[in-house]
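Number of protein chains: 2
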Amino acid sequence: MIIDRLYEEVNKKGSICLGLDTDISYIPDKLKKKYDSVSELLFQFNRTVIDETLDLVPIYKVQIAFYEAYGIEGMKAYRDTLRYIRNNKSMVIGDVKRGDISSTGKMYAKAHFSGDFECDFITVNPYMGMDSIEPYLEYVQEANKGLFVLLRTSNKGAEDIQYLNVKGYKVYNWVGDKIKEIAGNYMGRCGYSSVGVVVGATHTDEGANLRKRYENMFFLIPGYGAQGGKGREAALYLKNGNGGIVNSSRGIIADYKNYEDGEERFEYYVRQAVLLMKEDIRNG
Amino acid sequence: MIIDRLYEEVNKKGSICLGLDTDISYIPDKLKKKYDSVSELLFQFNRTVIDETLDLVPIYKVQIAFYEAYGIEGMKAYRDTLRYIRNNKSMVIGDVKRGDISSTGKMYAKAHFSGDFECDFITVNPYMGMDSIEPYLEYVQEANKGLFVLLRTSNKGAEDIQYLNVKGYKVYNWVGDKIKEIAGNYMGRCGYSSVGVVVGATHTDEGANLRKRYENMFFLIPGYGAQGGKGREAALYLKNGNGGIVNSSRGIIADYKNYEDGEERFEYYVRQAVLLMKEDIRNG
Chain H
4 MIIDRLYEEV NKKGSICLGL DTDISYIPDK LKKKYDSVSE LLFQFNRTVI
54 DETLDLVPIY KVQIAFYEAY GIEGMKAYRD TLRYIRNNKS MVIGDVKRGD
104 ISSTGKMYAK AHFSGDFECD FITVNPYMGM DSIEPYLEYV QEANKGLFVL
154 LRTSNKGAED IQYLNVKGYK VYNWVGDKIK EIAGNYMGRC GYSSVGVVVG
204 ATHTDEGANL RKRYENMFFL IPGYGAQGGK GREAALYLKN GNGGIVNSSR
254 GIIADYKNYE DGEERFEYYV RQAVLLMKED IRNG
Chain L
4 MIIDRLYEEV NKKGSICLGL DTDISYIPDK LKKKYDSVSE LLFQFNRTVI
54 DETLDLVPIY KVQIAFYEAY GIEGMKAYRD TLRYIRNNKS MVIGDVKRGD
104 ISSTGKMYAK AHFSGDFECD FITVNPYMGM DSIEPYLEYV QEANKGLFVL
154 LRTSNKGAED IQYLNVKGYK VYNWVGDKIK EIAGNYMGRC GYSSVGVVVG
204 ATHTDEGANL RKRYENMFFL IPGYGAQGGK GREAALYLKN GNGGIVNSSR
254 GIIADYKNYE DGEERFEYYV RQAVLLMKED IRNG
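For the protein sequence lines, the chains are H and L, in the order given.
When we follow this note's numbering, the leftmost residue of the first sequence carries the number 4, and every step to the right adds one.
When we follow this note's numbering, the leftmost residue of the second sequence carries the number 4, and every step to the right adds one.
Structure, rendered in structure tokens:
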């Protein structure tokens, strides 16, 4: 089970997930001058970030929207970034949040668990129900893949649907309970399932409850940094520093912009930002 | 407002949305022999279907999963199919069901409302809340684009979340009421909004209620044919034959497989299937 590999990597390297939401505006001019095509520019920026952080982070998350936005050229950069991470023996989450009827889900599973866009994990959206999750499970079982299902997200609008009250429980708890059932069929030796959930670090009032209620589910935790979450809050969702990964993107890859010599030394500042974030979560 | 254009096209051509969920297994051998690359094969099949039906259907829906599944090559076929439809003065829905936080949503909006993957409408998933819908609205207002937000889908699993009971109303009604508020800001002269919803034709018990409750929202209605919905059921969601479009994919593009001479005459059977479906809905 792939979750055992992630668990071990987190034990070794800490619980940071580095998000490659590579907006063109984040890319230093020195790279912009060097590469003509968008696909090369996006990929080379990512490559530099990955090279600087391979020993520090257990896993990367690539947000596909930032690549789709540049059409075929962008998708080439997406493909090349995933390949580079996997060829370097690291792991990658394709943040695609797909969710559709079963016949379509099968095609999405093929798309993101094999071929050009192959990832180790992907994110999926449960709104259409549990039969929309099923097509991916065959890959979890047989191809050593994993899922993070959206449960309670980090944005303000999370309250619109996820927080609706159904017989005393919030919608996200109903979703979580259903996913927990499925997750039980894909347990790793580490005590967590290869079917995990996305739980934002920005609403922390129920952090301890969530961790307890879903003790066997690995958490992908967005919302740290640029979205307002703090190390202390993120740490609430971990158990002995494991059982979850805290994602940060802008806060790491664009942090260099806060320094006068940032442009020249952006490689240094990327590394620095990861180290500071690790410290922040450890002291949480 | 783009919804006025769709409304007029439906008045002229009827309420069918032709779904290009082009699975390789649907493609006749005679085309498979002719084209070497997957991108050319997928596109040429679609081109033939489009050529045969341009005068019969107001709009096409292209399910991106079937193209993502073939990586970069598939995405080229997706791009070329969208372009071909738009260059032929028809309209196209990108069935992408995206949904994410605002900064990511902006990139998805750019991806699917401009550039290589430009569509007239896209489908979006509301699970993350109304702020995940917002980034697309700028394009609805300023670039003559439209949305179909998932409300109540056509699959069995729809019941898992969409049917949960919140204070006597189902989750999909809470979602619908929120979208209705937004939709009110993007009304066309035809009495419908450019922000519509996806309502499956497979659960018809509340068809008339839904049509009444959301009288100004245009419906994208999946589930007809291969998914079990009938013309009579689909017609419940229309108003004087307008106000919605009924999608069919497999039932049209793979119908030729039911006939002995299907392979040779698949162009004929595609057209025939559309004509029969129109009749079925009209008599509904």
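We put the CB at the ideal spot given by N, CA and C, even for glycine.
Can you tell me whether Gln144 (chain H) is helix, strand or coil according to DSSP?
helix
DSSP three-state label for Ile248 (chain L), please.
strand
Excluding five sequence neighbours on each side, which residues of the same chain lie with their C-beta closer than 7 Å to the C-beta of Gly265 (chain L)?
Tyr259, Tyr272
Does the beta carbon of Tyr87 (chain L) sit closer than 8 Å to a beta carbon anywhere in chain H?
no
Chain L partners of Arg82 (chain H), CB-CB under 8 Å?
Gly74, Ile75
How would you list, in chain order, the residues of chain L whose beta-carbon sits under 7 Å from the beta-carbon of Val178 (chain H)?
Ile164
Own chain partners of Tyr38 (chain L) with C-beta closer than 6 Å, once the 5 adjacent residues on each side are dropped:
Leu44, Gln47
Compute the Euclidean distance between the alpha carbons of Asn90 (chain L) and Leu223 (chain L), then round it to the nearest angstrom.
23 Å
Residues bridged to Val13 (chain L) by DSSP?
DSSP output for Val13 (chain L) lists no bridge partner at all.
Find the nearest neighbour of Asn286 (chain H) within the set H:Pro225, H:Ala237, H:Val41, judged by alpha-carbon distance.
H:Ala237
Test item: CB-CB of Ile125 (chain H) and Gly102 (chain H) under 8 Å
no
Cβ pair count under 8 Å reaching 3, the region 133-148 of chain H against the region 107-121 of chain L:
no
Do Ile19 (chain H) and Ser197 (chain H) have their CB atoms nearer than 8 Å?
no
Does the beta carbon of Ser197 (chain H) come closer than 8 Å to any beta carbon on chain L?
no
Is the distance from the Cβ of Ile67 (chain L) to the Cβ of Ile248 (chain L) below 8 Å?
no
Span of the alpha helix (DSSP H), counted from its first residue to its last, around Gln47 (chain L)
41-56
Beta-carbon neighbours of Gly118 (chain L), restricted to chain H and to distances below 8 Å
Ala72, Tyr73, Gly74
So what does Ile125 (chain H) bridge to, in DSSP terms?
H:Gly97, H:Leu150
Residue of L:Gly179, L:Gly203, L:Ile136 minimising C-alpha distance to Glu218 (chain L):
L:Gly179
Cβ-based burial, Asp123 (chain L) [other Cβ within 10 Å; buried from 16]:
buried
So which of H:Lys100, H:Ser117, H:Ala114 has the shortest CA-CA distance to Val200 (chain H)?
H:Lys100
Whole-number beta carbon distance between Tyr73 (chain H) and Val41 (chain H), since they are thought to touch under 8 Å
5 Å
With a threshold of 8 Å on Cβ separation, who are the neighbours of Lys15 (chain L) within its own chain once the five nearest residues in sequence on each side are excluded?
Pro61
Cβ of Val41 (chain H) less than 8 Å from any chain C Cβ?
Of the chains in the structure shown, none is chain C; the protein chains are H and L.
With a threshold of 8 Å between beta-carbons, can Met220 (chain H) be considered close to chain L, or not?
no
Confirm the yes/no value for this check: CB of Val95 (chain H), any heavy atom of the ligand NAD, distance under 7 Å.
Looking for the ligand NAD in the displayed structure turns up nothing, as the structure carries no ligands at all.
Give, in chain order, every unbroken run of the alpha helix (DSSP H) that is at least 4 residues long and sits entirely within the region 215-280 of chain L.
234-238, 253-256
Going along chain L, which residues have a C-beta under 8 Å from Tyr142 (chain H)?
Neighbours of Tyr142 (chain H) on chain L: none; closest Cβ ~13 Å, over 8 Å.
With distances taken between CB atoms, is the gap from Asn128 (chain H) to Leu154 (chain H) smaller than 8 Å?
no
Say whether chain L places a C-beta atom closer than 8 Å to the C-beta of Tyr130 (chain H).
yes
Quick check: the Cα distance between Ile256 (chain L) and Tyr262 (chain L), rounded to an integer number of angstroms?
13 Å
So is Ala114 (chain H) in contact with chain L if we call contact Cβ pairs under 8 Å?
yes
Find the nearest neighbour of Trp177 (chain H) within the set L:Lys183, L:Asp163, L:Lys173, judged by alpha-carbon distance.
L:Asp163
I want to see whether chain H comes within less than 8 Å of Ala257 (chain L), judged by CB atoms only; does it?
no
For Phe69 (chain H), go through chain L and note every residue whose CB falls closer than 8 Å to its CB, in chain order.
Thr107, Met110
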